[in-house]
Amino acid sequence: MTAFVNEAYTDFNQKENAVAMRVALAKVRSELSREYDLTIAGERRKSTEKLKSLNPSRPSEIVGIHQKGTEQDAHDAVEAAYAYFPEWSQTPVARRADLLLRIADLLRERKLEFDAWLVVEAGKTWAEADADVSEAIDFCGYYARQALKLASPEPLVQLSGERDEMVYLPLGVGIIIPPWNFPLAILAGMTTAALVTGNTVVIKPSSDTPTIEAKFAEAMLSAGVPPRSFSLLTGSGAAIGDVLVSHPKTRFVSFTGSRDVGLRINELAAKTPKGQRWIKRVVAEMGGKDAIVVDREADMDQAVMGVLYSAFGYQGQKCSACSRAIVDETVYNEFLAKLKSKTEALTLGPSDDLGNYMGPVINARARDAILGYIETGKQE
Numbered sequence: 012m013t014a015f016v017n018e019a020y021t022d023f024n025q026k027e028n029a030v031a032m033r034v035a036l037a038k039v040r041s042e043l044s045r046e047y048d049l050t051i052a053g054e055r056r057k058s059t060e061k062l063k064s065l066n067p068s069r070p071s072e073i074v075g076i077h078q079k080g081t082e083q084d085a086h087d088a089v090e091a092a093y094a095y096f097p098e099w100s101q102t103p104v105a106r107r108a109d110l111l112l113r114i115a116d117l118l119r120e121r122k123l124e125f126d127a128w129l130v131v132e133a134g135k136t137w138a139e140a141d142a143d144v145s146e147a148i149d150f151c152g153y154y155a156r157q158a159l160k161l162a163s164p165e166p167l168v169q170l171s172g173e174r175d176e177m178v179y180l181p182l183g184v185g186i187i188i189p190p191w192n193f194p195l196a197i198l199a200g201m202t203t204a205a206l207v208t209g210n211t212v213v214i215k216p217s218s219d220t221p222t223i224e225a226k227f228a229e230a231m232l233s234a235g236v237p238p239r240s241f242s243l244l245t246g247s248g249a250a251i252g253d254v255l256v257s258h259p260k261t262r263f264v265s266f267t268g269s270r271d272v273g274l275r276i277n278e279l280a281a282k283t284p285k286g287q288r289w290i291k292r293v294v295a296e297m298g299g300k301d302a303i304v305v306d307r308e309a310d311m312d313q314a315v316m317g318v319l320y321s322a323f324g325y326q327g328q329k330c331s332a333c334s335r336a337i338v339d340e341t342v343y344n345e346f347l348a349k350l351k352s353k354t355e356a357l358t359l360g361p362s363d364d365l366g367n368y369m370g371p372v373i374n375a376r377a378r379d380a381i382l383g384y385i386e387t388g389k390q391e
């Protein structure tokens with residue numbers, strides 16, 4: 012096993028890379044409006060109600076048509092994961108780690124294709140999409156190495172008359188709920204971390220980016236991940252999310268998303284329904300309200316660019332995005348004038364155009380909320 016190295020970003024200023032990306036975008040466009048099934052432990056299912064994923068740059072364009080899973084589908088997915096857990100948890104760690112490395116290789120081979128899906132479905136610019144895919148590759152490689160390390164923990168201090176060892180045990184069925192703003196990277200991270208440590212999972216994608224999740228599921232199967240080790244269950248969070256979290260055989264939940272949904276998950280997971288033998292664990296990464304402080308001794312040009320990139324990269328749709336600049340009064344006017352000038356120079360438009368620094372926000376609801384905040388700001 013070689014040492015971990017972060018995946019390099021693609022330089023789209025090189026003509027051959029830009030040409031290859033346009034080819035990938037054309038390939039993705041040829042697959043638009045395809046219908047995708049639910050996948051429950053290898054079994055494909057359809058539903059009567061459908062979910063349509065739209066291109067936020069061109070909302071009239073349907074990216075994918077997905078099934079709306081039912082409460083019964085959610086129940087079946089958890090039960091199937093629970094049934095396969097004993098077998099998967101006994102699979103050698105080296106085998107599970109090797110599968111993650113194969114997923115990383117597939118993502119690397121198809122990097123521009125995944126870039127293109129992120130551009131079309133998530134509204135990411137080329138650079139933001141490439142960073143997302145690079146991070147997904149990093150997660151696979153990093154967690155494979157970490158699993159091997161944890162499989163052979165450091166020797167413990169032995170007291171006289173004792174023989175001690177530490178062994179990490181898989182938990183059971185995990186519910187993976189990734190966000191729409193990093194629909195590949197965070198999906199890959201939460202899913203592979205659970206699988207490589209011997210857990211089985213049910214993935215509930217965001218309704219805004221289900222096609223990217225479906226493509227990742229296809230990559231996992233192509234890499235040799237057992238079909239029974241995971242399920243992909245699209246649909247309304249209100250319809251199936253509570254069932255997945257509340258199920259007595261669910262062991263843990265990994266969630267990234269909004270504060271309100273995270274608190275709802277935490278509330279449901281804290282309850283112990285009949286038949287549940289454990290306290291569920293919840294990992295919830297929720298929204299942020301992040302500030303950059305600019306004092307009088309700062310390099311003003313660097314401060315301006317730092318705030319600019321943080322606030323407007325991927326249209327500011329990140330929990331890590333700068334949403335407040337706290338500026339020393341003595342340099343406030345200078346900072347504001349420079350930031351205003353740089354901001355006015357940003358190029359906006361469809362994210363499939365390399366020349367645009369900012370693309371669309373994810374959906375009409377997000378757009379309307381931002382316009383509302385602008386009006387509030389004017390009034391205040």
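Per our numbering: the sequence shown ends with 391, consecutive numbering throughout. Ideal placement from N, C-alpha and C gives every residue a C-beta, glycine not left out. Just so we're clear, the structure is a prediction, and the values are computed from it rather than from any experiment.
With fewer than 16 other Cβ atoms inside 10 Å of its own Cβ, Ala37 counts as exposed.
Under the three-state reduction of DSSP, Ile114 is assigned to helix.
Phe193: not part of any alpha helix (DSSP H); DSSP gives it neither H nor E. With contacts defined by Cβ atoms closer than 9 Å, Ala205 and Cys151 do not form a contacting pair. DSSP, read as helix, strand or coil, puts Lys63 in strand.
Burial check for Thr202: the Cβ neighbour count within 10 Å reaches 16 or more, so the residue is buried. Of the residues Val305, Pro238, Asn367, the one whose Cα lies closest to the Cα of Leu357 is Asn367. Taking Ala85 as reference, the option from Leu65, Asp109, Ser242 with the minimal CA-CA separation is Ser242. The beta carbons of Ala250 and Ile276 sit no closer together than 9 Å. Here Gln78 is buried. Its C-beta has 16 or more other C-beta atoms within 10 Å. In the three-state DSSP reduction, Ser242 falls in the strand class (E or B). Look at Val264 here: in three-state DSSP terms it is strand. Between Leu255 and Val74, the beta carbon gap of about 24 Å keeps them out of contact (Cβ cut-off 8 Å).
In the three-state reduction of the DSSP assignment, Ser145 falls in the helix class, which pools H, G and I. Residue burial annotation: Asn24 is exposed, with fewer than 16 other C-beta atoms found within 10 angstroms of its C-beta. Residue environment for Arg107: buried (at least 16 other C-beta atoms within 10 angstroms of its C-beta). Beta-bridge pairing by DSSP links Tyr47 to His77. A distance below 6 Å between beta-carbons, with the five flanking residues on each side excluded, links Ala348 to no residue of its chain.
For Asp175 and Gln169, the gap between their C-alpha atoms comes out near 6 Å.
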